[in-house]
């Protein structure tokens with residue numbers, strides 16, 4: 173599962189070899205929020221993931237510019253975007269694959285996959301290798317109110333609540349209600365799952381409409397996952413780490 177095509181990786185002296193087509197999203201639109209979960213312990217593995225040196229959203233410039241236009245449309249509805257994950261380096265994908273082969277490591281099961289056996293996460297499509305994220309034009313995101321409410325930090329070791337629980341019981345993410353939490357490996361996270369109704373259904377449909385109008389396609393098994401249709405590297409999986417380029 174190594175990077176193919178125009179792969180780029182870390183170089184000597186601590187510098188990061190990032191293709192010139194990649195940008196930091198906050199440099200393109202600082203109004204878009206971020207909660208880069210894989211740089212923290214608050215994710216389905218329960219620890220920071222390999223390849224995430226900094227909590228940044230890196231994207232190809234075309235995808236970032238398209239997301240800036242989506243943000244403008246979202247703000248016209250009284251909302252703002254918040255990203256959870258953007259470019260994902262191939263070493264992170266390899267980390268997920270290795271983790272999946274260690275059945276004893278289930279520190280975060282109670283929150284992120286309470287109803288699915290860990291051994292089934294790849295087979296049921298909740299995890300994939302390789303992933304479009306490694307091509308740099310796929311993003312995991314949600315909507316928040318504009319201006320957004322505050323969000324307390326995750327405390328490692330705190331009691332976990334299932335991502336399928338009612339919004340008031342789940343981890344207090346400042347996202348609008350989407351019916352489940354982010355990275356919820358459960359059929360309720362399927363974008364069109366019929367059990368999700370009311371405001372949560374409306375919020376999913378609004379996000380999908382805004383993203384589609386901006387040139388992004390949803391992955392039907394995850395309400396948060398969108399790929400930019402005109403991605404510049406459709407056959408390339410990169411391996412450079414998530415960090416601000418040096419120089």
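Residue numbers (the numbering used here): 173 to 419. Note that the Cβ used here is the ideal one computed from N, Cα and C, for glycine as well.
1) Between the segment 258-266 and the segment 213-229, are three or more C-beta pairs nearer than 8 Å?
2) Taking DSSP as the reference, what is the three-state secondary structure of residue 233?
3) When you compare each of 197, 367, 290 and 267 to residue 313 by their alpha carbons, which one comes out closest?
4) Return yes when the Cβ of residue 351 is within less than 9 Å of the Cβ of residue 333, no when it is not.
5) Do you know whose CA, among 204, 404, 294 and 415, lies nearest residue 307's CA?
6) Once you ignore the five residues that flank residue 379 on each side, which residues in its own chain have a CB closer than 6 Å to its CB?
7) Which one of 414, 409 and 359 has the shortest CA to CA distance from residue 302?
8) Please look up how many angstroms separate the CB atoms of residue 263 and residue 213, rounded, as I've assumed it's under 8 Å.
9) If distances are taken between C-alpha atoms only, which option among 354, 215 and 274 comes closest to residue 396?
10) Report yes or no: do three or more beta-carbon pairs, one from the segment 289-297 and one from the segment 326-342, lie closer than 8 Å?
11) Reducing DSSP to helix, strand and coil, say where residue 390 ends up.
12) Going by C-alpha distance, which of 200, 194 and 205 is nearest residue 346?
13) Quick check: residue 400 and residue 390, are their CB atoms within less than 9 Å of each other?
14) Would you identify the three-state DSSP class for residue 360, choosing helix, strand or coil?
15) Checking 9 Å against the spacing of the C-beta atoms, do residue 318 and residue 252 come in under that value?
16) Please list, in chain order, all residues of the same chain as residue 375 whose beta carbon is under 7 Å from its beta carbon, the five residues on each side excluded.
17) Could you give the C-beta distance for residue 356 and residue 412, rounded to a whole number, given that I count them as a contact under 8 Å?
18) Residue 297 to residue 275, Cα distance in whole Å?
19) Between which two residues does the beta strand (DSSP E) containing residue 311 stretch?
20) Leaving out five residues before and five after residue 240 in sequence, what residues of the same chain have Cβ atoms less than 8 Å from its Cβ?
21) Would you mind sorting residue 254 into buried or exposed? The rule is 16 or more other CB atoms within 10 Å of its CB.
22) Do residue 115 and residue 217 have their C-beta atoms within less than 9 Å of each other?
23) Can you name, in chain order, every residue of its own chain whose Cβ lies under 6 Å from the Cβ of residue 310, other than the five neighbours on each side?
24) With DSSP as the reference, label residue 412 as helix, strand or coil.
In short, the structure shows the following:
1) Output reads yes: the segment 213-229 touches the segment 258-266.
2) DSSP places residue 233 in helix when its eight states are reduced to three.
3) Here the closest residue by C-alpha is 197.
4) No; because the gap between Cβ atoms is not below 9 Å, this pair is not in contact.
5) Checking every option, the nearest Cα to that of residue 307 belongs to 404.
6) So the list reads 315, once near-sequence residues are dropped.
7) If we check each option's Cα against that of residue 302, 409 comes out closest.
8) Here residue 263 is actually not in contact with residue 213; their C-beta atoms are around 18 Å apart, not less than 8 Å.
9) Comparing C-alpha distances from residue 396 to each of 354, 215 and 274 shows the shortest one belongs to 354.
10) Result no; under three Cβ-Cβ pairs closer than 8 Å.
11) Reduced to three states, the DSSP call for residue 390 is strand.
12) Measuring from the Cα of residue 346, the nearest candidate turns out to be 205.
13) No, these two residues do not count as a Cβ contact at 9 Å.
14) It is helical.
15) Against a cut-off of 9 Å, the Cβ pair of residue 252 and residue 318 comes out as a contact.
16) Contacts found: 315, 348, 349 and 350.
17) At roughly 29 Å, the Cβ-Cβ gap does not stay under 8 Å, so residue 356 and residue 412 are not in contact.
18) If you take the alpha carbons of residue 297 and residue 275, they lie about 18 Å apart.
19) From DSSP, the beta strand (DSSP E) with residue 311 extends over 310-317.
20) So the qualifying residues of the chain are 200, 201 and 204.
21) When all chains shown are included, residue 254 counts as buried.
22) Lying outside 173 to 419, the shown extent of the chain, residue 115 is not represented and no answer is given.
23) Counting only Cβ-Cβ distances below 6 Å, and skipping sequence neighbours, we find 304 and 399.
24) Residue 412 falls in the coil class under three-state DSSP.
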